[in-house]
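Enquirer: Going letter by letter, the sequence shown gives residues 29 to 93 in our numbering.
Beta carbons are placed, not taken as given, at the ideal position from N, Cα and C, and that holds for glycine.
What you are looking at is a predicted structure, and each value in this text was computed from that prediction instead of being measured.
I am attaching a structure below and will ask some questions about it afterwards.
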Amino acid sequence: AATLIVETAQIRWTKANGASLTASAGGYVANVGSVIFLDSLNDILNWRGIRTGGTSGNIHAEYHR
């Protein structure tokens, strides 16, 4: 499992394998301070994120057993 915390700027993210993701469509929007929980190895392997604006958002990741 993993816990992701969005830092710096807003992002758009998905954990759906093969899902279309652009800066303006697809997935979910996460603002600075948002916490994203990934419950399985499959979620971690399929997770993707993209910035929504001119500033890249950093992600702080913590991994759990």
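Tell me residue 63's beta-bridge partners as DSSP assigns them.
Expert: Answer is 33, bridged to residue 63.
Enquirer: Please say whether residue 79 and residue 85 have beta carbons closer to each other than 7 Å?
Expert: Taking 7 Å as the Cβ cut-off, residue 85 and residue 79 qualify as a contacting pair.
Enquirer: Just tell me which of 62, 51, 42 has its CA closest to the CA of residue 72.
Expert: Per the Cα distances, 42.
Enquirer: Can you tell which of 63, 70, 68, 93 has the C-alpha that lies nearest to the C-alpha of residue 4?
Expert: An answer regarding residue 4 cannot be provided, because it is not within the stretch 29 to 93 covered by the chain.
Enquirer: Buried or exposed: residue 58, going by 16 or more other Cβ atoms within 10 Å of its Cβ?
Expert: Its Cβ being crowded by 16 or more others within 10 Å, residue 58 is buried.
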